[in-house]
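For what it's worth, my numbering labels the leading residue of the sequence shown as 40, then goes sequentially.
Cβ atoms here follow ideal geometry from the backbone N, Cα and C, with glycine treated the same way.
Down below is the structure, laid out as structure tokens.
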Amino acid sequence: MSSTSQMALSVVIPCKNEGQNLKMTLDSLFAAAPINRVEYIVVNDGSTDNCCDFIKENNKYSEVKLISSSGLGVSRARNLGAASAGGKYLVFCDAHITVPAGWQDDLVDIFHLDGVDAVSPAIGALDKPDATGYGQTWDEHLQVVWLPPPQQMKITPVPLLPGGCVAVRRDVFQQVEGFDGGFIAWGHEDVEFSLRLWLFGYKLFIAPQIKILHLFRKKHPYPVKMDHFLYNMLRLAYSHFKNERIEKILKLIDAVDNAKKINQGVLKGGALKQRSKFLARRRHDDDWFMEKFNIPF
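If you want it as structure tokens, here you go:
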């Protein structure tokens, strides 16, 4: 193991009603790297199933920093965990993954390459490990699409990093002010973060030689409303897109019964103020991003 990776990583895991999945995740992380090599932070965001109790009851997990919150949602729970993290690199993981041995050293080594500001590993399905995605992009309807393996399995720039495991330089995370704290519950936090990083002049990569496994499930263990999902998508659009793309988003959700109410909520939530701030800071516009990655939206 390279000495440069020692205590370099802080792993932040937001958690809500994960049952046994959180224990599976921590046990996998512990098996992959000595506990004194990585800082682990679990944010229990209002769980009602006692899924975090084992952390307090078993000395094996005594070094895990457990933070309690009450329904912040994914973005703000991640930001809360990051605020107490001490690592040079922050890794945001879902509470239902497994990782390979030595993954932490491989991640840190990638950050030593020139121009790497954020990176994700390849992500396979826990029940079908051969089904693997290598970063993500958008299609013509702004739906997320998994990418195939990069040529020669080299570290490659990708438009969007999947939220199952995202690593970012701590200073970069702070410079862009973390995940969007105005998002509600769940949805679009990872794609918005990826887009913002690119527009602000940072570079994102996929590391195909590192592969984690992720539990893809059909249903969340807590209520997720379509209104919140669409709210976050609209907030993303107002924050970053030119007017023509905002109109396309509005047309996409026009069939939803309360689309007008959702739009009003986004505007009242400060999206236009955030838009002005982001547009003043960014180095690239959304046309540049769409053209760079051949996204037909």
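Per DSSP, Ala310 is not a residue of any beta strand (DSSP E); the alpha helix (DSSP H) it occupies stretches across 310 to 320. Here Leu48 is not near His135, since their CB atoms are 8 Å or more apart.
Per DSSP, reduced to three states, the secondary structure at Thr64 is helical. Of the candidates Arg76, Glu57, Val197, Leu105, the residue whose Cα lies closest to the Cα of Gly141 is Arg76. In the structure shown, His253 falls within a strand segment according to DSSP collapsed to helix, strand and coil.
In this chain, the alpha helix (DSSP H) harbouring Trp327 covers 325 to 331. Residue burial annotation: Val230 is buried, with at least 16 other C-beta atoms found within 10 angstroms of its C-beta.
Nearest in C-alpha terms to Ala157, of all of Asp178, Gln213, Thr64, is Gln213.
Within the model, the alpha-carbon separation for Arg208 versus Gly226 is close to 23 Å. Separation of Asp66 and Lys307 (C-alpha to C-alpha, rounded to the nearest whole angstrom) is 43 Å. The straight-line gap separating the alpha-carbon atoms of Val81 and Arg314 is approximately 31 Å. As for any beta strand (DSSP E) of minimum length 3 sitting wholly inside the segment 142 to 201, the runs are 157 to 164, 175 to 177, 183 to 185, ordered along the chain. Where Ser233 is concerned, the enclosing alpha helix (DSSP H) starts and stops at 228 to 238.
Per DSSP, the unbroken beta strand (DSSP E) holding Phe131 starts and ends at 128 to 132.
Approximately 7 Å separates the beta-carbon atoms of Arg284 and Phe336; this is inside 8 Å, confirming the contact.
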